[in-house]
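Chemist: Residue numbers (the numbering used here), protein chains in the order written: chain P, 1 to 664; chain U, 1 to 122.
All C-beta atoms in this analysis are idealised placements derived from N, C-alpha and C, irrespective of residue type, glycine included.
Since this is a predicted model, take the numbers as computed values, not measurements.
Here you go, one structure.
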Amino acid sequence: MIKDQDFLAGGGEMGKLIRAKDWSKTALGPVGSWPQSLKTSVSLIINSAFPMFIWWGETELVNFYNDAYMAILGKKHPKALGTSGQETWNEIWNDIGPLAHKVFTTGKPVFMKNLPLTMNRHGYDELTHFTFSYSPIRDESGEIGGMYCACVETTEEVIAKQKLGESEERLHLSLNASGSVGLWNWDIVNDRTIADARFAKLYSIDPKRAAAGVPVAEFMKAFHPDDLLRVQSEIETAMKTGSEFRSEYRVVSKDGSVSWVLARGRCKLDTKGNPIQFPGVVIDITENKKAEEALREAKERFSSLADNIQNLAWMANPDGWITWYNQRWYDYTGTTLDEMQGWGWKKVHHPDHITKVTDFVQKAWKKDEPFELTFPLRGKDGQYRWFLTRAVPVHDKDGRIERWIGTNTDIEDLKQRHAMEERMELLTEQRNALLKINKTKDEFIGLASHQLRTPATAVKQYIGLLIGEFAGPMTSDQTRYLQIAYDSNERELGVINDLLKTAQIDSTKYKLDKQSTDVVAIVNDCVSHLQLTFEQKHQTVVISPATASLLAAVDAREIKLVFVNLLENASKYSYPGTEIKISIVQQDSHAKITITDKGVGVSKVNQQRIFDKFTRVDNELSDTVTGTGLGLYWVKQLLELHKGSIKLTSSLGKGSTFTVRLPL
Amino acid sequence: MSKCVLIVEDEIILQDVYKLVLSTQGYVIHVANNGQEGLQQLKARQPDMVLLDLFMPVMDGKRFLQKIDVADYPQTKFVVYTNLSDTETETEMMELGADRFILKSSMAPQDLIGLVAEMTGR
């Protein structure tokens, strides 16, 4: 037996199996009875590392195979050994049976490449691919005793190739679908740029020409003029260095519309560093650019708004950690974001208020509600101003607080204005109260004067009646005493009259009865009226009017009162036998009247208060002079009511000059 | 024929002294205590002169002048004789037809005699 099986020496596992098998029970019979051609063929395949098998006998198709073929058989090994090939490959016999038959009948080999076969070798159907040949084996008689097969399973290669094709197709489809990615390849040596239809279209070049290749300059014509030089320089750099080319630029289509593109590629250099090819991809990023631009604009708009509003503005995380302030905040506080972020804002709060503010906001952050608070904030000048802060929580789409936004409005002016308004209100109230009191006073003085006059009038009449001897003759003593009583009563009436006159002048409702009147005539009237007064003191009055008349719109009665007072004073406070000078001239649009006496004069101190109410100046003549101290007060008030003025120049012991100006 | 003077005055002591002074001059004197009485007397007596106080109960002097038309009494002089001295009142009374506006307290008996003589044309 051993000797018979020498041809099976080696042959790996299959060699062992063939040797171990009892072939006597098979159609081939014991090994020793096998034709030499079979033995040789079996020896040949089992010693080959390439997958091979033999089918012996045109009908029996007894199967021999080598170790390399075992994997192809799967679970069909080892049963397949010595079994009919048709039985082993029943599921694919329709595919391979005819091929085997052809070999036996024609004696010609068969070659199949990547033949798809749906095998069941692992307990399930699977699509496999095989490249194989069937070759005839002639026996000693020259007939075809069997066939052998050398085969290789190409399933993985075929599937890989199929997948590659599919992904290429998908890529193509997606490129087409997006319409925004183009491919180019620039053959630099020959200056031919081959580009796909999408690329060509972006650069307004006929796709057919682009597919055939055009000089790169034709593509550059579409570059936006403002970008051309820059991109050209970037291309040159890439061509010198072989580094990645990446550039964003604008292309202008034939219709004038502008698109933004992103071009990426890498220039291939030869061993000497010369550029040879420049392939790449271009992507239409117009939409991205627009979005970018819109975002940039939105950001700019936000910051131009946020940084230019008068309010200080801020944003905080949900827990109150401040993340952003507007420029106004920094301008006002003179701080930086580093100092201010988080809880840094406490630094610019007033120490007296910070505890209250912190307590408040810590509670506020926890509530999901807008809040308002006022507090003083320190400016960069160190001064505190009051602000009103208003904060609002901003929610995400799930309703959670995303952030807080807030503004601080400067209410310092408002606060001060309110305080001012309150003060104004108080002042108005006080003024109204004073006006009311003043009115009451005027009414009181008016009524009181009337009521005081009536009994004094009765006294005057009855004493006058006695003195006039209407009630019979009087002794000289009686007449003298009564005269004293009469004069005393006259003084009382004079005081009442003066008080009433003052009340009238002071009254807010006092109105002048202005009429065009000759001022020169008024002065002359007054002098005549006081003629007796002057004569009693042997005083002479010299009037020097520069004009015969000067017409002014005045209340004649009040102006008379003015000059009577001034002239009476001039007489009263001058020594007997002196001269009183009056001059009347027109100056600008005014009548200027000066009354100069050579009297006692008025000291500087008294000149200040001589026009005040109830002022009587002590001097060597004042004891001999009566008065209520109201005369010059009226003079000044009445002249001012006329929009005129009075001025006193005087020196003690030398005399006084009163200068009256009245508008004409 | 004696001239007739109507005194319209509420103060008795003033009525008396006017009567005393003026009667020495031979005037016929009638006295009314207020404006209302004054109106009746004016119609009844047709005086040559009315000496009219302003501040009076029942009807004051201003109301008195408002009630009459001075043109109906061409022979009568109306003299407002008062201790009110504001120019506003004076203007108002003159517009109502008064012939004079005299401050009472400025008049001694002789002054009154002079005034009445002037007004009654004696």
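#1: DSSP has residue 119 of chain P in a bridge; who is on the other side?
#2: Hey, is residue 110 of chain U's beta-carbon within less than 9 Å of any beta-carbon in chain P?
#3: Residue 267 of chain P by DSSP, collapsed to three states: which one?
#4: Determine whether the Cβ of residue 511 of chain P lies closer than 9 Å to any Cβ atom of chain U.
#5: Starting from residue 721 of chain P, trace the beta strand (DSSP E) both ways and give me its first and last residue.
#6: Closer than 7 Å, Cβ to any Cβ of chain U: which residues of the stretch 449-468 of chain P, in chain order?
#7: Kindly list the residues whose CB is nearer than 7 Å to the CB of residue 641 of chain P, restricted to its own chain and excluding five residues on each side of it in sequence; keep chain order.
#8: Which residue wins for smallest C-alpha separation from residue 162 of chain P, given the options P:186, P:119, P:66 and P:114?
#9: With three or more beta-carbon pairs closer than 8 Å as the criterion, would you say the stretch 562-572 of chain P touches the stretch 523-543 of chain P?
#10: Our contact map puts residue 541 of chain P next to residue 591 of chain P with C-beta atoms below 8 Å; I'd like the distance itself, whole angstroms only.
#11: What does the Cβ neighbour count give for residue 109 of chain U, buried or exposed, with the cut at 16 atoms within 10 Å?
#12: Rounded C-beta distance between residue 35 of chain P and residue 145 of chain P? I'm assuming under 8 Å.
#13: What is the DSSP secondary structure of residue 253 of chain P, reduced to helix, strand or coil?
#14: If you check the beta carbons only, do residue 247 of chain P and residue 266 of chain P fall under 9 Å apart?
#15: Report the rounded CA-to-CA distance for residue 285 of chain P versus residue 260 of chain P, giving the unit in angstroms.
#16: What did DSSP end up calling residue 225 of chain P once you bin it into helix, strand or coil?
#17: Determine which residues share a DSSP beta bridge with residue 569 of chain P and list them.
#18: Starting from residue 493 of chain P, trace the alpha helix (DSSP H) both ways and give me its first and last residue.
#19: Among the residues of its own chain, which have a CB less than 6 Å from the CB of residue 77 of chain U, if the five just before and after it don't count?
#20: Whose C-beta lies closer than 6 Å to the C-beta of residue 186 of chain P among residues of the same chain, with five residues either side of it excluded?
#21: So is residue 111 of chain P buried or exposed if we call it buried at 16+ other beta carbons inside 10 Å?
#22: Buried or exposed: residue 381 of chain P, going by 16 or more other Cβ atoms within 10 Å of its Cβ?
#23: According to the neighbour-count rule (16 or more other Cβ atoms, all chains shown, within 10 Å of its Cβ), is residue 30 of chain U buried or exposed?
#24: Got a sec, what are the start and stop residues for the beta strand (DSSP E) residue 80 of chain U sits in?
#25: Could you tell me how far apart the beta carbons of residue 54 of chain U and residue 84 of chain U are, in whole angstroms, since I believe they sit closer than 8 Å?
#26: Which term fits residue 467 of chain P, buried or exposed, when burial requires 16 or more other beta carbons within 10 angstroms of its beta carbon?
#27: Name the chain U residues whose beta carbon is nearer than 7 Å to that of residue 470 of chain P?
#28: Cα-Cα, which of P:573, P:594, P:330 and P:608 is closest to residue 601 of chain P?
#29: Quick one: measure Cβ to Cβ for residue 129 of chain P and residue 154 of chain P, integer angstroms, because I've assumed they're closer than 8 Å.
#30: Measure the C-alpha to C-alpha separation of residue 19 of chain P and residue 62 of chain P and round it to an integer number of angstroms.
#31: When you compare the CB of residue 86 of chain U with every CB in chain P, is at least one pair closer than 9 Å?
#32: Between residue 659 of chain P and residue 615 of chain P, is the Cβ-Cβ spacing less than 9 Å?
#33: If I measure Cβ to Cβ from residue 485 of chain P and keep anything under 6 Å in the same chain, skipping five residues before and after, which residues do I get?
#34: Does residue 569 of chain P have its Cβ less than 9 Å from a Cβ in chain U?
Modeler: According to the structure data:
#1: P:126
#2: yes
#3: coil
#4: yes
#5: The structure shown does not extend to residue 721 of chain P, since chain P spans only 1 to 664, so no value can be given for it.
#6: 450, 453, 454, 456, 457, 458, 460, 461, 462, 464, 465 and 468
#7: 512
#8: P:114
#9: yes
#10: Actually they do not touch by this definition, with Cβ atoms about 18 Å apart.
#11: buried
#12: 6 Å
#13: coil
#14: no
#15: 5 Å
#16: helix
#17: Paired residues: none, contrary to the question.
#18: 476-506
#19: 49, 99 and 119
#20: 193, 216 and 278
#21: exposed
#22: exposed
#23: buried
#24: 77-82
#25: 6 Å
#26: buried
#27: 20, 21, 24 and 109
#28: P:573
#29: 5 Å
#30: 15 Å
#31: yes
#32: no
#33: 463
#34: no
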